[in-house]
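Undergrad: Dropping the structure in here first, questions after.
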Amino acid sequence: MKKTTQTLMMLVIGLLLNLQVFSQQSVDSELDGMITATQQIETSANRAKTALKTLVIMYFVDGTTTANTQAFLTQVSHELITINGLSGVVLNHVFNAESINNNIDTNTTEDLIQEVQGARFQANTNAIALVKAIENNNANVAYQLNRSLRSNFNTILNYSKQLQTEIESLKAAPKVYNIRIELVDYRTGAPVTSDAIDGYGATNVTTNRNYYSEYRQGEPRDVILGVPEGTYRFDGRDGYFDGTTSTTLTLSDSLVEPDGFIVVTLSYWYE
1 MKKTTQTLMM LVIGLLLNLQ VFSQQSVDSE LDGMITATQQ IETSANRAKT ALKTLVIMYF
61 VDGTTTANTQ AFLTQVSHEL ITINGLSGVV LNHVFNAESI NNNIDTNTTE DLIQEVQGAR
121 FQANTNAIAL VKAIENNNAN VAYQLNRSLR SNFNTILNYS KQLQTEIESL KAAPKVYNIR
181 IELVDYRTGA PVTSDAIDGY GATNVTTNRN YYSEYRQGEP RDVILGVPEG TYRFDGRDGY
241 FDGTTSTTLT LSDSLVEPDG FIVVTLSYWY E
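Residue 129 in this note's numbering sits at position 129 of the sequence shown, and the numbers go up by one each step.
This is the structure in structure tokens:
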């Protein structure tokens, strides 16, 4: 039973580390995915706006009372459905990016997406009403609905541009790194391990903020996850008869190993 429990624990820890490694490597791709989705929202809004312009010219300028309203409604509905789906894509990337780097404040991004969704809902209502007005040859109502619908599309375009600007600013948020502590014998320099060290910590030398290994929460003893970029003093929690030296290191992408971790080596002393 004990062996089974240990095996399950190792599987959970392995999954956690794999997720963290993947996260560190994909935070930028999440933000890039958000930008791509907002650009596609802009494309769909412009297509819907073009379809509206074509319909308006046929009805108000050319005087075509048999304007192809159903083709217009089909295209606009398609673009609005696309915008709805892309909004969900953005929110999914927002969730992923925020879970990867808790220094990212995505509240503004989420608010802007809600504004896009609100304008999309209004556009759908106005598009259906416009088609009905044109089919009933109610020019006055159609004119007002045309203005309202064009405003809806412009609102979506404006918010999509604001989203792109906001996401670019999120890229400037501090990067976070995953740290793995490795010990070497202070006498021989040979790699060693010790279960006697009661975890490890990283102290930002500028802010004095501390980050610790959370092995009591199920993480490995020698791992510190989610440390923002900066210069840190790394140390172990010394015991009575053993402990570690400390070392200072500035975190950077160049230090990240292929497994996604920055390795910090501490000398292990003992009596």
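Note that CB positions come from ideal geometry on N, CA and C, so glycine has one too. Computed from a prediction, not measured in an experiment: that's the story for all the values here.
(1) Assign Ala-190 to buried or exposed, taking buried as 16 or more other Cβ atoms, counted over all protein chains shown, within 10 Å of its Cβ.
(2) What are the residues that DSSP puts in a beta bridge with Gly-236?
(3) Hey, how far is the Cα of Val-256 from the Cα of Glu-229?
(4) At a threshold of 7 Å, does Gln-40 count as lining the ligand HEM (C-beta to nearest heavy atom)?
(5) Would you mind giving the Cβ-Cβ distance between Ile-224 and Tyr-211, rounded to the nearest angstrom? I have them listed as a contact below 8 Å.
(6) Excluding five sequence neighbours on each side, which residues of the same chain lie with their C-beta closer than 7 Å to the C-beta of Asn-96?
(7) State the CB to CB distance for the pair Leu-163 and Thr-109, rounded to an integer number of angstroms; the pair is presumed to be in contact (CB under 8 Å).
(8) Under 8 Å: do the segment 35 to 45 and the segment 78 to 88 share three or more Cβ pairs, one atom per stretch?
(9) Along the alpha helix (DSSP H) that carries Asp-242, what are the first and last residues, could you check?
(10) Taking the continuous alpha helix (DSSP H) assigned at Phe-95, which residues delimit it?
(11) Measuring only the C-alpha atoms, how far is Ala-129 from Thr-43?
(12) Determine the burial state of Asn-152: buried for a count of at least 16 other Cβ atoms within 10 Å of its Cβ, exposed for fewer.
(13) Based on Cα-Cα distance, which residue from Gly-243, Asn-208, Arg-147, Trp-269 lies nearest to Val-227?
(14) In three-state DSSP terms, what is Glu-42?
(15) If you follow the beta strand (DSSP E) that Gly-226 is in, where does it begin and where does it stop?
(16) Sorted by chain position, which residues of the same chain lie with C-beta nearer than 8 Å to Thr-54's C-beta, five sequence neighbours on each side aside?
(17) Rounded to the nearest angstrom, how far is the Cβ of Ile-197 from that of Thr-244, given a contact under 8 Å?
(18) Whole-angstrom Cβ separation of Ile-113 and Ile-83, contact assumed at under 8 Å?
(19) Going by the DSSP bridge assignment, what does Asn-178 pair with across the sheet?
(20) Quick one: what does DSSP say Tyr-186 is sitting in, helix, strand or coil?
(21) Exposed or buried, which one is Gln-25 when buried takes at least 16 other CB atoms within 10 Å?
(22) Quick check on the DSSP output: the beta strand (DSSP E) that includes Asn-103 runs from which residue to which?
(23) Could you work out which residue in Ala-133, Lys-171, Arg-237 is closest to Asn-103 when comparing CA atoms only?
(24) Considering just the uninterrupted stretch of the alpha helix (DSSP H) at Thr-248, what are its terminal residues?
(25) Within 10 Å of its beta-carbon, does Ala-139 have 16 or more other beta-carbons around it, so buried, or fewer, so exposed?
(26) Could you tell me which residues DSSP puts in a beta bridge with Val-192?
(27) Which one or two residues does DSSP pair with Leu-266 in a beta bridge?
(28) By how many angstroms is the C-alpha of Thr-106 removed from the C-alpha of Ser-246?
(29) Is DSSP giving Val-61 helix, strand or coil here?
TA: Reading off the structure:
(1) A residue is called buried once 16 or more other Cβ atoms fall within 10 Å of its Cβ, and Ala-190, having fewer, is exposed.
(2) DSSP, once it has assigned bridges, lists Tyr-200 as partnering Gly-236.
(3) Distance from the CA of Val-256 to the CA of Glu-229, rounded to the nearest whole angstrom, comes to 12 Å.
(4) Within the structure as shown, the ligand HEM is missing, as the structure has no ligands at all.
(5) Ile-224 to Tyr-211, Cβ: 5 Å. Contact.
(6) These residues qualify, in order along the chain: Glu-30.
(7) The beta-carbon separation of Leu-163 and Thr-109, rounded to 6 Å, stays under the 8 Å limit for a contact.
(8) Contact between the segment 35 to 45 and the segment 78 to 88 is present, because at least three Cβ pairs lie under 8 Å.
(9) For Asp-242, no alpha helix (DSSP H) encloses it; the enclosing beta strand (DSSP E) starts and ends at 242 to 244.
(10) Per DSSP, the continuous alpha helix (DSSP H) segment holding Phe-95 begins and ends at 69 to 100.
(11) Cα to Cα, Ala-129 sits roughly 23 Å from Thr-43.
(12) So Asn-152 ends up on the buried side.
(13) Answer by Cα proximity: Asn-208.
(14) Helix at Glu-42.
(15) Start and end: 223 to 228.
(16) Taken in chain order, the residues that qualify are Phe-72.
(17) Contact between Ile-197 and Thr-244 holds: CB atoms are separated by about 6 Å, below the 8 Å threshold.
(18) Not confirmed; about 10 Å, so no contact.
(19) Per DSSP, Phe-261.
(20) Residue state, collapsed to three classes: coil.
(21) At Gln-25, the pLDDT of 47 sits below 50, so the modelled position is not reliable and the matter cannot be decided from this model.
(22) In the DSSP assignment, Asn-103 falls outside any beta strand (DSSP E) and carries neither an H nor an E.
(23) The shortest Cα separation from Asn-103 among Ala-133, Lys-171, Arg-237 belongs to Lys-171.
(24) In the DSSP assignment, Thr-248 falls outside any alpha helix (DSSP H) and lies within the beta strand (DSSP E) extending over 247 to 250.
(25) The residue is exposed, with fewer than 16 neighbouring Cβ atoms inside 10 Å.
(26) Per DSSP, the beta bridge partners of Val-192 are Leu-183.
(27) DSSP output for Leu-266 lists Leu-183 as bridge partner(s).
(28) Put simply, the backbone Cα of Ser-246 is about 36 Å away from that of Thr-106.
(29) In the structure shown, the three-state DSSP call for Val-61 is helix.
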